[in-house]
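Counting in our numbering, the sequence shown runs from 92 upward without gaps.
Backbone N, C-alpha and C fix where the C-beta goes; we use that ideal spot for every residue, glycine too.
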Amino acid sequence: MPASSRILVAICAATAAAAALSGCGGDERGDSSAPLLAPAATTSSKAEPYADLSARELLDRAETGMRDSGAMTVDLTGTDEGAAMHVKAALTTEGRCAVAASVDGDTFQIIGTGAGAYVKGDADFWRDNASDGADGDTAADRLAGKWARLSEQEFTDSGLDYFCVLDELLDDMTSDDDKGTLTKNLPTTLDGKPVIPLVHTTSDGTTTIYVSTGDTPYVVKSESTGGDSPDVGLYSDFGKPPHIAAPPPSLTVDPGDLGGDQDGGGFRV
Numbered sequence: 092m093p094a095s096s097r098i099l100v101a102i103c104a105a106t107a108a109a110a111a112l113s114g115c116g117g118d119e120r121g122d123s124s125a126p127l128l129a130p131a132a133t134t135s136s137k138a139e140p141y142a143d144l145s146a147r148e149l150l151d152r153a154e155t156g157m158r159d160s161g162a163m164t165v166d167l168t169g170t171d172e173g174a175a176m177h178v179k180a181a182l183t184t185e186g187r188c189a190v191a192a193s194v195d196g197d198t199f200q201i202i203g204t205g206a207g208a209y210v211k212g213d214a215d216f217w218r219d220n221a222s223d224g225a226d227g228d229t230a231a232d233r234l235a236g237k238w239a240r241l242s243e244q245e246f247t248d249s250g251l252d253y254f255c256v257l258d259e260l261l262d263d264m265t266s267d268d269d270k271g272t273l274t275k276n277l278p279t280t281l282d283g284k285p286v287i288p289l290v291h292t293t294s295d296g297t298t299t300i301y302v303s304t305g306d307t308p309y310v311v312k313s314e315s316t317g318g319d320s321p322d323v324g325l326y327s328d329f330g331k332p333p334h335i336a337a338p339p340p341s342l343t344v345d346p347g348d349l350g351g352d353q354d355g356g357g358f359r360v
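This is the structure in structure tokens:
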């Protein structure tokens, strides 16, 4: 924990799968980060925090606290095969989420309602992810800056739902916990708040994990070095679900309204 580089790689897979989407609706806000909560590593201080816990025990407790919180905000920055990536997601255990992401300059947003979703990308996003046989410029003209209204099944088939379910995200982030070695360092401060650094070393590189020292510990930051995908993750707003508001019907269009044809669980542009 946290295997955040795997999440950044999943962005690439999800944007490739999003080539099967069509449908639109304008968004008057135009702010790619507007749906999201601002990350902040907040915690209360505690003298001699968790001195009786080993590194593994502290990490397990922090991960349990994150899962039990029911909601959090994740802000990840990194690279994959030279492509710069950034994803910021406020998500819950019920699949309600607000996501803003950028992959190698292409940007997109997701609003997940728990019973479906809305996806909006810029012109480059739709141009670069047009489905096989589709004209990228036509796709960009049709879809850039507009909201695609997706059913729950369409959202799942696109792969973009990966960013919207807290438990699934944490399952992926913790999948490497039993690999390598984990060392507990002396307490320090992060942005003026007390934290305990845990150093996780595997054959893929080293990740420093910063755990808050309040009554319930949480992972508030991770920083990976070495390997193919160095990255930084910030984790905040535990127990604070995002305020989700779907775009009004007048600003969304069902994919079928644009004449898209269903093909293998999605809609092609």
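> Is the CB of T297 under 9 Å away from at least one CB in chain B?
Replying inline: Absent here is chain B; the protein component of the structure consists of one chain.
> Three or more beta-carbon pairs under 8 Å between the region 149-166 and the region 297-309, yes or no?
Replying inline: Output reads yes: the region 297-309 touches the region 149-166.
> Going by Cα to Cα distance, which pick from T316, A337, D263, L277 is closest to R158?
Replying inline: Cα-wise, what sits closest to R158 is D263.
> Of the residues K179, G186, A153, which one's Cα is nearest the Cα of V256?
Replying inline: Measuring from the Cα of V256, the nearest candidate turns out to be G186.
> Pick from A235, D252, R233: whose alpha carbon is nearest that of S242?
Replying inline: Nearest to S242 by C-alpha distance, out of A235, D252, R233, is D252.
> Taking the C-alpha atoms as reference points, what is the distance between P340 and A239?
Replying inline: Straight-line Cα distance between these residues: approximately 11 Å.
> Helix, strand or coil: how does DSSP classify A153 here?
Replying inline: Three-state DSSP puts A153 in a helix.
> Based on the DSSP output, what are the partners of W217 in its beta bridges?
Replying inline: None; W217 has no bridge partner.
> For Q244, does the count of other Cβ atoms within 10 angstroms reach 16, so buried, or fall short, so exposed?
Replying inline: Here Q244 is exposed. Its C-beta has fewer than 16 other C-beta atoms within 10 Å.
> Around the C-beta of L277, are 16 or more other C-beta atoms found within 10 angstroms, so that it is buried, or is it exposed?
Replying inline: So L277 ends up on the exposed side.
> How would you write the range of the beta strand (DSSP E) that D197 sits in, first residue to last?
Replying inline: Counting along the chain, the beta strand (DSSP E) containing D197 begins and ends at 197-204.
>> Mapping the DSSP letters down to three states, classify A174 as helix, strand or coil.
In response: It is a strand residue.
> Just checking my contact of T292 with T316 at CB under 8 Å: how many whole Å lie between their CB atoms?
Replying inline: The Cβ separation is near 10 Å, so there is no contact.
> Near E172, what residues of its chain come up, given a Cβ to Cβ distance below 7 Å and the 5 sequence neighbours on each side ignored?
Replying inline: Once the five neighbours on either side are set aside, E172 has no close Cβ partner at all.
> Counting along the chain, where does the alpha helix (DSSP H) carrying A191 start and finish?
Replying inline: For A191, there is no enclosing alpha helix (DSSP H); the residue is part of the beta strand (DSSP E) that begins and ends at 187-194.
> DSSP three-state call for P338: helix, strand or coil?
Replying inline: Looking at P338 - three-state DSSP - the assignment turns out to be coil, as it is neither helix nor strand.
> Comparing alpha-carbon positions, which option in T204, G207, D228 lies nearest D213?
Replying inline: Selected option, being the one with the closest Cα: D228.
> Buried or exposed: which applies to K179, given that a residue is buried once 16 or more other Cβ atoms fall within 10 Å of its Cβ?
Replying inline: Under a 10 Å Cβ-count criterion, K179 is classified as buried, with 16 or more other Cβ atoms of the shown protein chains found around its own Cβ.
> Taking A162 as the reference, which of A142, T184, S145, D232 has the closest Cα?
Replying inline: Scanning A142, T184, S145, D232 for the CA closest to the CA of A162 turns up T184.
> Closest by CA to T274, which one among G283, P288, S266?
Replying inline: In terms of CA proximity to T274, P288 leads the group G283, P288, S266.
>> Going by DSSP in three states, D322 sits in which element: helix, strand or coil?
In response: Strand at D322.
> Can you tell me the Cα-Cα spacing of K392 and Y141, whole angstroms?
Replying inline: A query on residue 392 cannot be resolved here, the shown segment of the chain reaching from 92 to 360 and no further.
> What's the C-alpha gap between E154 and L260?
Replying inline: Approximately 12 Å between the Cα atoms of the pair.
> In whole angstroms, what separates the C-alpha of T279 from that of E314?
Replying inline: Distance between the alpha carbons of T279 and E314: 15 Å.
> Is A162 helix, strand or coil by DSSP?
Replying inline: A162: strand per DSSP, three-state reduction.
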